[in-house]
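J.: Below is a structure I'd like to ask you about.
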RNA sequence: GCCGAAGUGGCGGAAUGGUAGACGCGCCGGUCUCAAAAACCGGUGGGGGCAACCCCGUGUCGGUUCGACUCCGACCUUCGGCACCA
């Protein structure tokens with residue numbers, strides 16, 4: 142959808158004003174950030190963009206309001222760092238290279254050049270001297286340096302892990318390249334392959350990452366998502382006896398959060414990949430089991446994790462002994478058991494677990510209720526009962542509540558040596574290896590003699606060779622580059638091979654906030670002399686889509702750096718605010734195929750940066766997102782037009798104007814409202830309050846109901862409040878009022894609480910909670926007088942005549958509510 | 001299925017438990033104009049009434065309260081996130 146016809150004739154030339162002031166601000170470096178500035182520091186960061194080519198309206202929606210907020214903090218007297226950079230490594234650059242034959246470096250840098258211009262057109266306070274670009278060696282060498290530190294700390298390790306593989310393209314696929322289980326390029330069904338890959342031990346920090354209470358002012362929604370992602374479960378590792386089979390292992394370890402249901406176990410289920418499966422399979426069952434395991438192996442992860450998949454499994458022919466009651470229960474292999482969670486084996490309690498019940502019903506296994514719901518009728522429930530109740534059919538534990546049972550059984554199990562209390566997490570270690578070209582080379586060398594050898598720090602950076610063939614060939618693109626791969630071992634000097642995988646780009650974004658503090662520092666990732674002054678980030682803003690990956694990785698990174706003694710703080714981002722999503726005019730997500738995409742350059746060209754900034758902030762609450770509107774923005778343009786005219790009136794014409802305290806009161810109330818709203822990201826209501834104020838000014842101007850001094854005071858304050866919202870227009874009008882450059886170095890106006898108070902208020906009179914009258918009364922009217930006036934009102938009397946007045950509620954300054962019966 | 005957020009005029013939305021609909025869009029009427037656009041002024045939740053006013057109204061049904069868009073319970077719908085986690 143192209144921009145609908147607009148009908149607002151602008152009275153000023155936004156293009157000229159935008160250009161004029163952007164140039165002037167840049168020339169004067171008024172947004173230059175000085176580390177030595179003595180004012181308190183405020184670090185406000187917006188998630189940096191991926192250089193995809195063009196700035197779209199979503200970027201504006203993320204960046205213009207956050208710029209407004211950062212400007213507001215600046216005007217409150219903070220030394221504000223509000224930097225920008227580019228998340229410049231990643232798959233799209235490689236795809237562009239493959240499809241268009243442009244080198245990823247060229248594609249990325251061209252895009253950055255283009256986007257810089259677009260970003261400048263927003264009129265933000267970015268200090269471009271601090272720009273960072275992750276794909277440049279001056280940045281990624283510190284990725285490599287951090288990797289080496291993590292390796293030294295034992296936080297980086299190498300292990301086999303499956304990757305998604307396209308057999309047709311002969312390449313590793315990222316999850317986002319998989320569509321319905323097929324390769325997005327050639328639609329071939331994907332398979333899996335095991336490769337040696339690098340991991341970071343984020344799981345070591347699982348409990349610390351769960352601890353955000355009191356530390357972080359983040360949306361509860363994000364904290365909940367992180368909690369769920371980490372997925373801590375407290376339970377018991379409990380073993381079942383298989384000594385009778387004479388295997389190396391004499392028991393099967395299972396993990397359960399419901400040890401209180403142990404007497405209800407009627408089977409055991411092992412993940413098909415569990416190494417015990419082969420040994421526990423009897424000869425008669427071997428063929429069936431082998432077929433099942435093979436089928437499970439073939440099934441792609443995607444299919445295996447598909448929703449509502451029917452539970453399947455196969456009996457191994459063997460049994461395990463539940464030591465608590467001596468019962469032998471059959472052992473199955475079942476693909477609903479995950480090898481990556483817990484112990485890769487579960488105890489099946491059909492009566493009290495929905496999945497186990499599905500499985501038991503399919504294979505005709507007994508269902509034994511051992512937790513009796515309150516008022517239980519003794520029959521087998523239709524669904525698994527997962528609630529609390531009393532222990533039953535559980536030997537010595539009968540009659541206890543299940544909480545007591547959990548405690549007692551846990552203690553007894555630990556005493557008997559059959560198991561112990563344990564914690565399981567859903568979160569896995571962070572796999573950072575990517576079989577890609579356009580990323581940071583992992584600084585490791587594999588030597589036949591010395592094994593895995595880290596590249597010495599003085600040999601960093603390991604440069605990404607510009608001449609690699611990055612087209613899909615069946616292995617990591619760098620692996621085909623002999624000049625890159627073949628190096629002498631840093632240790633012993635014999636010919637060795639470099640690691641040819643590159644790093645996940647989330648590695649770059651896990652510490653980029655530290656780089657902005659000293660982006661040109663050459664002897665380390667950041668300057669230790671200045672880092673603590675700025676970091677951690679005081680206010681972070683960005684999309685909620687980064688709730689778990691980026692935000693969790695960055696938190697992990699900071700804690701690891703802290704433990705290495707590199708920094709002295711625990712968290713990267715103290716406050717977080719998520720903006721919503723800007724939708725198309727049809728209230729649907731913007732997409733090229735729907736034709737509802739808004740190109741910000743077009744609208745900015747037509748109406749100016751300020752109108753676009755204002756409209757984006759005016760749509761609605763920033764965290765809720767909302768629809769773009771080509772006609773809606775006309776309202777903002779009209780308002781800016783009126784402001785343009787209003788703010789250029791000659792106050793001398795008001796020489797005979799009446800002094801008007803009402804205008805002063807409205808000014809101070811507006812300052813208070815605007816201040817509080819900008820503080821809390823309530824841009825829409827802040828702008829509404831400025832509109833109300835300008836409407837009022839327009840009215841009193843017309844009536845000459847204001848004196849010149851008050852008018853000038855109002856104009857000054859109004860423009861300063863407008864400055865963070867519409868920086869170009871405010872600066873131009875500031876200049877035209879003969880006020881000293883720059884408005885962006887003015888403090889935000891203060892309000893005088895005593896001046897916001899009215900002398901009289903409109904008191905609402907209700908009878909039984911229903912509005913019946915309004916009275917203009919002095920603010921400090923006492924209850925007795927207010928009631929008396931209310932009861933005397935001719936509009937109230939019809940409702941009280943012949944009734945008994947039981948009482949009256951008086952809310953000072955608000956209302957009187959007469960309660961009659 | 002679970003977790004989270006949200007349901008208010010024709011539209012975007014506003015409202016510390018206290019005048020529902022601020023502000024803006026759109027629409028209607030007017031001024032200006034040969035005319036239109038722009039601009040400016042006025043009106044605009046629904047129903048009734050000549051009018052003063054009255055009744056109804058914040059997804060549905062209940063509850064708490066002198067008073068509920070707001071708090072509580074159940075349900076419906078929409079949107080996000082997670083999804084066999086033992």
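In our numbering, the protein residues as written are 142 to 962. Here a beta-carbon is modelled for each residue, glycine too, at the ideal position from N, C-alpha and C. The model shown is predicted, which means the values in this text are computed figures rather than measured ones.
(1) With DSSP as the reference, label residue 939 as helix, strand or coil.
(2) Since residue 636 is in the beta strand (DSSP E), which residue starts that stretch and which ends it?
(3) Rounded to a whole number of angstroms, what is the C-alpha to C-alpha distance between residue 284 and residue 768?
(4) Buried or exposed for residue 495, please, with buried defined as at least 16 other CB atoms from any protein chain shown within 10 angstroms of its CB.
(5) Would the segment 367-386 and the segment 556-576 be scored as touching if the rule is three or more Cβ pairs under 8 Å?
(6) May I ask you to list the residues that DSSP assigns as paired with residue 439?
(7) Distance check for residue 255 and residue 274, CA to CA, integer angstroms please.
(8) Check each candidate in 287, 262, 314, 227 and name the one with the smallest Cα separation from residue 277.
(9) Just grab the DSSP bridge partners of residue 643 for me.
(10) Nearest by alpha-carbon distance to residue 825: which of 293, 885, 763 is it?
(11) Just to confirm the assignment, what range does the alpha helix (DSSP H) spanning residue 701 have?
(12) Measuring straight from C-alpha to C-alpha, what distance separates residue 207 and residue 565?
(13) Spell out the partners DSSP gives residue 470 in its beta bridges.
(14) What does a CB cutoff of less than 8 Å around residue 746 pick up in its chain, not counting 5 residues either side in sequence?
(15) Should residue 933 and residue 947 be called a contact, given that it needs their Cβ atoms to be closer than 8 Å?
(16) Do the CB positions of residue 269 and residue 221 come within less than 8 Å of each other?
(17) Rounded C-beta distance between residue 792 and residue 875? I'm assuming under 8 Å.
(18) In whole angstroms, give me the CA-to-CA distance for residue 265 and residue 258.
(19) Compute the beta-carbon to beta-carbon distance between residue 338 and residue 651, rounded to the nearest angstrom, for a pair I have assumed lies under 8 Å.
(20) Of the choices 903, 525, 931, whose alpha-carbon is the least far from that of residue 918?
(21) Rounding to the nearest angstrom, what Cα-Cα distance links residue 427 and residue 418 in this structure?
(22) Going by C-alpha to C-alpha distance, which of 302, 303, 327, 294 sits closest to residue 309?
(23) Could you tell me which uninterrupted beta strand (DSSP E) segments, each at least 3 residues in length, are contained entirely in the segment 477-552, listed from first to last along the chain?
(24) If you reduce the DSSP assignment to three classes, tell me which class residue 596 lands in.
(25) Are at least three pairs of beta-carbons, each pair with one atom in the segment 234-242 and one in the segment 777-786, less than 8 Å apart?
(26) Please work out which residues of its chain come closer than 8 Å, Cβ to Cβ, to residue 555, disregarding the five sequence neighbours upstream and downstream, and give them in chain order.
(27) Going by DSSP, what residue range makes up the beta strand (DSSP E) through residue 911?
(28) Output needed for residue 831: all residues of its chain with C-beta closer than 8 Å, excluding positions within five of it in sequence on either side, in chain order.
(29) Relative to the C-alpha of residue 515, which candidate in 502, 503, 531, 507 has its C-alpha closest?
(30) Using CA coordinates, which residue listed in 201, 450, 267, 838 is at the minimum distance from residue 723?
(31) Under a three-way DSSP split, which group does residue 324 fall into?
(32) If residue 260 sits next to residue 196, beta carbons under 8 Å apart, how far is it from one beta carbon to the other, in whole angstroms?
(33) Only counting the same chain, and skipping five residues up and downstream in sequence, which positions put a Cβ closer than 6 Å to that of residue 153?
(34) Which residues in the same chain have their Cβ closer than 6 Å to the Cβ of residue 883, if we skip the five residues on either side of it in sequence?
(35) Kindly indicate which three-state DSSP category residue 163 falls into: helix, strand or coil?
(36) Under three-state DSSP, which class holds residue 149?
T.: For this structure:
(1) Residue state, collapsed to three classes: helix.
(2) Unbroken beta strand (DSSP E) run through residue 636: 636-639.
(3) Going by the C-alpha atoms only, they are around 39 Å apart.
(4) The residue is exposed, with fewer than 16 neighbouring Cβ atoms inside 10 Å.
(5) yes
(6) Partner(s): none; residue 439 has no beta bridge.
(7) 14 Å
(8) 227
(9) 575, 582
(10) 763
(11) Its alpha helix (DSSP H) spans residues 690-704.
(12) 39 Å
(13) Assignment of beta-bridge partners to residue 470 by DSSP yields 461.
(14) 156
(15) no
(16) No, Cβ-Cβ distance for residue 269 and residue 221 is not below 8 Å.
(17) Residue 792 to residue 875, Cβ: 15 Å. No contact.
(18) 12 Å
(19) Not a contact, Cβ separation roughly 18 Å.
(20) 903
(21) 10 Å
(22) 327
(23) 486-489
(24) coil
(25) Not touching, per the Cβ criterion.
(26) 561, 562
(27) 911-919
(28) 811, 815, 859, 862, 863, 866
(29) Closest by alpha carbon: 531.
(30) 201
(31) Three-state result, residue 324: strand.
(32) 7 Å
(33) 785
(34) 171
(35) helix
(36) coil
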